[in-house]
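Down below is the structure, laid out as structure tokens.
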Amino acid sequence: MSPRNSPDAVCEMLHKTSCKRIIAQQSLSALVSAVQTLMVEKNSSVEVVQLPFLHDIFPTISGEDVVVEPYPRTSRTPQPDDVVLILHSSGSTGFPKPIPQTNQTILEWCLTPIIYRSRDKNICWGGTSLPTFHTMGIYIQFYAPLTSGEFIGLFTPQYPAPPVVPNPQNTLATTKLVGCNGIVIMPSYVEEWAQSPENAKYLTSLDVLVFAGGPLSDANGDKLVASGVNLCSIYGATEFGAPTMIFDTDDTQGPDSDVKTSADWAWLQLSNTVNTRWVPQGDGTYELQTLTCATHHPAVKNLSDVEGYATSDLFRPHPRKKGLWKIVGRTDDVIVLGAGEKIVPIPQEGYLSSLPFVKGVTMFGRGQTQAGVLIEPAPDAAIDPTDETALETFRERIWPFVEEANKLAPAFARIFKEMILVTHPAKPMARVAKGTVMRKLVLAEYDEEIQRLAPTNKVAPPSEWTAEVIEEWLLQQAMTINKGQEPSAVVDIFEQGFDSLSASFLHNHLIGALHSSSDPAAQAIADKIPQDFIFTHPTLQRLAGVVAHLVHPDSSSELPRSQEEQIAHLVEKYTVDLPNFTSASTNGSLDGAVVLLTGSTGSLGSHILAYLLQSSDVRRVYTLDRGSGSLERLKASFVDRSLPIELLQSDKLVACSGVLSRVDLGLDPAIVQEIQRSVTHIIHNAWKLDFNLSVSSFESHIAGTRTLVDFSAGCTVPVKFLFSSSVTSAQSWNAAEALVPEHVLTNPRIAVGHGYGESKYVVERLLADAKSRGLDTLSLRIGQLSGSTHTGAWNVSDWVPIIVKSSVALGCLPDLDGTVDWTPVDVAARTIVDAVATPGSLPDVINIVHPRPATWSAIFSSVNESVGGTLQLIPFDAWLVRVEARSATATEHDFDRIPAIKLLRFLRSFVAPTKDLVGARGAGEQPLYDCSRAQAISPTLKDAEPIGANGVGMWLKYWATKEPSGFCLDRDL
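By the count of my numbering, the sequence shown reaches residue 969 at its end, each step adding exactly one.
Structure (structure tokens):
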């Protein structure tokens, strides 16, 4: 049974089969627990048995005198109709259905060509990537070795680690290691292998490469065959097996012969042991039905006139070679996108079909990156779709209803305005007698129009490429992408609901508009727009100006500021009119520190809060966080990171909800007065973590810091202001100058890079100016934080776990020369609390980095060991190429399993050219930092233990509790 089934689906099959016992592995505990709960609710129960480890089943036996007890023979003679095991259908249109396998079924499956022809050829199959609950998994991992005596290639069990997760890289590596001469695989793996000449060369050494389960692109299939690969397509299903021919090509008679040749790799022949019936669909395709005969008994029978099974699979015959067929789709309504997502269009089609001005609706998108819809207007609303004005008017009319229909479907099934196609009155939708639209015939008739409707090539461009017109056009595009919410042109779009995915859509819309423009200058720059263009220019007004200048450089559009100029501008803007920091009393707090802490619900913030509450030197802690229910969010944060939740019951704690955009911090006047009378320390730790954004996207955070600085001027007690800065505030430091020093850096050039570090630099400069006016400030230049030394807790949204999660999906880890000075989050938090307790004036800057760095290679080798030891370490730039390749056609599914796609701009900095830089460098050509001042302030940092394999293992265990499918090797790729 597939672990990808929902708990409800599992319970349904358990009930139908009267099954009372489940054998499962530990990583499936969440699913199993849900199943047990549901079974109890259904007044039933199920026994759960943990799958034993291989070494428990087959212990090592030494000595020749060991007596092996024979397996007891049954007293009953097996009968052909006896059920041996039960598989199940895919469940793509409902709950999966149990499908019994009898002795007769198994014998007939073992007589299909995939079994006996491979036995005759002495094929040792590579079966690493085939799930055993799939038909092909049963064929290759069970029946093939049972009938041939040949071994098969599987991953080596890594006790006690969970099973290895297959991917294209480790699958091919294991196949080579075992010495297999045949592979059965899904087409997505073949697509990736075809990109590498080295892989293609190896594949030519195999006797056969078989793909099944979906289509393979003609370009890659032809390329592999041309290089000498014996490529073969097979077809089957759990309901009737896989009665497809194999080793059935003959190249001796030339390509024009009537027999199948290697060039016909995409076409298949069915075995003569199967009785087939081909049912014409009226469009040149045929549904395959397999009928019961003496040599083949389908396990499921669903025909009314004869015993047999209607597959719902559609084929078309070879135009010249009799007996060759190619699968082209299904009779049901499931649309399979190019990335494998399945769309059931009925909800969206049904909603749109109900509109009075709509006569017919057919969604499309098989094999494409996104779905579209073909609309047939009612007779009184018919238009000529070649009339651009009429087409746009109709799209505007139906668009609000399409948005409503989109709410009925998953995100990947969303229809965008430019993917609305309208029928021509001269070519109405074909229908059967009862009025039902003939989907396949309609899509065939409109295939040319659908192919022309490429998502990135047919976006209606602005009427002219001036800044004003482009800005209005961008506003419309952004509103469409952002679910109808009207954005502001002057506010950062990432503060208005945009994220990486919606930025990608806007990027694609812009590229499409440039391509489809009649202006040659616009077309010329279409392919020169970088992937991070939207992030670099995050307001629509600024974006419009930049595009206008790129299209027509001699226009009056203002050139955007350089990054260095932007930084300098923000420093100047937020240091104007700083107050002088005098106070009514200079005695300070005689009975302990009173701390105002922002950002207390994050990883670092919650650890800081825990240690402040534990400290006898701290009298009171005010937390200031956005949104309501701050105490509840603090509790959730403590639970998530295994911090002592009882600390939150301390009388020291006052949890406040407020905002930094208001001078009173959004607090009750009495609380404001209480804080300003007593606070001795402000720890400003709240900041957005996003390496894609430009510095302008952080301006609200910079402004909030200025608000806190001004708030400090009204405090009775002289305040010490500590700011959680970042080592990336010096991300362009020249290593020829050795270590980054612990003092304020006045040249904005050293901060240039991603906007996160640039914004931290602006605040360091702001606080340096405030220090000169009497405010005691300390910028805590914090390096990369790693998991806690006690729990391994490390946010899965951070860039290191993102790399690890992406690597599990890609099958390889990135390697770098050099060291990393990552600091465990609890060590960094204690260091900050140590700074709070420091007597006298604070230094202006300290660098909180690990004083005992580890090598990148050692850490990622430990990561590899923790996930089973099957991920290859490859150079970082080669790893990055693989991520970039996936980003070109990334779907929502890809963004989830390979989240490094969202961080490409940041990750490229690890391999940016630095040939002019010499001196001490960390991994990825990153600067190294002096931390002597930090160690002098903090005994915790001074005595910190280096990161080792145990710490890395704790990280992986923590990540796996948060995203089992992302960090465990039993996930679905």
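A virtual CB, placed ideally from N, CA and C, is assigned to each residue, including glycine.
query, result
"Closest by C-alpha distance to S987, when choosing among H565, A699, Y954, P(-1)", "In the structure displayed, the chain extends from -3 to 969; residue 987 sits before or after that span and is not available."
"Alpha-carbon to alpha-carbon, F906 and I1048", "Outside the modelled stretch of the chain, which goes from -3 to 969, sits residue 1048, for which no answer is possible."
"Where the alpha helix (DSSP H) containing L10 begins and where it ends", "3 to 13"
"Span of the alpha helix (DSSP H), counted from its first residue to its last, around Q559", "559 to 570"
"Contacting residues, own chain, Cβ-Cβ under 7 Å from M9 (five flanking each side not counted)", "M(-3), H84, P92, P94"
"W189 versus P164 - alpha carbon distance", "7 Å"
"The stretch 362 to 379 in contact with the stretch 411 to 431 per 3-pair CB rule at 8 Å", "yes"
"From F707, V160, Q562, S883, residue whose alpha carbon lies closest to that of V804", "V160"
"Residue from S498, L470, D495 with nearest C-alpha to A485", "L470"
"Candidates S596, T98, C106, P352: closest to S626 by CA position", "S596"
"R616, enclosing beta strand (DSSP E) - first and last residue", "614 to 621"
"Cα-Cα separation between A734 and L924, rounded to whole angstroms", "8 Å"
"Test item: CB-CB of L439 and V398 under 8 Å", "no"
"According to DSSP, residues forming a beta bridge with N271", "L287"
"Alpha carbon of W683 to alpha carbon of K197, nearest angstrom", "50 Å"
"Test item: CB-CB of L762 and V715 under 8 Å", "no"
"Same chain, Cβ closer than 8 Å to T171, neighbours up to 5 away in sequence not counted", "G122, T124, G149, I179"
"Extent of the continuous beta strand (DSSP E) to which Q191 belongs", "Per DSSP, Q191 belongs to no beta strand (DSSP E) and is neither H nor E."
"Neighbour-count burial assignment, H505, 16 or more Cβ in a 10 Å radius", "buried"
"Residue from T13, S253, F236, G541 whose Cα sits closest to the Cα of N271", "F236"
"A589 - containing beta strand (DSSP E), residue span", "589 to 594"
"Close beta carbons around T131, own chain, < 8 Å, minus the five adjacent residues each side", "L83, G232, A233, T234, G237, A238"
"C-beta contact flag for T936 and D830 at 8 Å", "yes"
"C-beta atoms of V36 and I18 nearer than 8 Å", "no"
"Residue span of the alpha helix (DSSP H) that contains F360, given as start and end", "Where F360 is concerned, there is no enclosing alpha helix (DSSP H), although the beta strand (DSSP E) it sits in stretches over 354 to 360."
"The beta strand (DSSP E) enclosing N298, as first and last residue numbers", "Here N298 belongs to no beta strand (DSSP E), and DSSP marks it neither H nor E."
"Simplified DSSP assignment, three categories, for N368", "A quick correction: the sequence has Gly, not Asn, at residue 368. Three-state result, G368: strand."
"Helix, strand or coil at V723 according to DSSP, with G and I counted as helix", "helix"
"Neighbourhood of L609 by C-beta, 7 Å cutoff - its chain only, sequence neighbours within 5 removed", "V617, L643, S646, K648, L649"
"Residue interval of the beta strand (DSSP E) (run including F311)", "304 to 313"
"Contacting residues, own chain, Cβ-Cβ under 8 Å from L47 (five flanking each side not counted)", "I19, A20, Q21"
"Endpoints, the beta strand (DSSP E) within which A651 is located", "649 to 653"
"Selection from V80, T787, K631 that minimises the alpha carbon distance to L952", "T787"
"Whether F707 touches H680 by CB criterion (8 Å)", "no"
"Cutoff 8 Å; reference K837; Cβ partners in own chain excluding five residues on either side", "What sits at residue 837 in the sequence shown is Ser, not Lys. For S837, where only same-chain residues beyond five positions count, the Cβ hits under 8 Å are D772."
"Pairwise C-alpha distance: S184 and A930", "51 Å"
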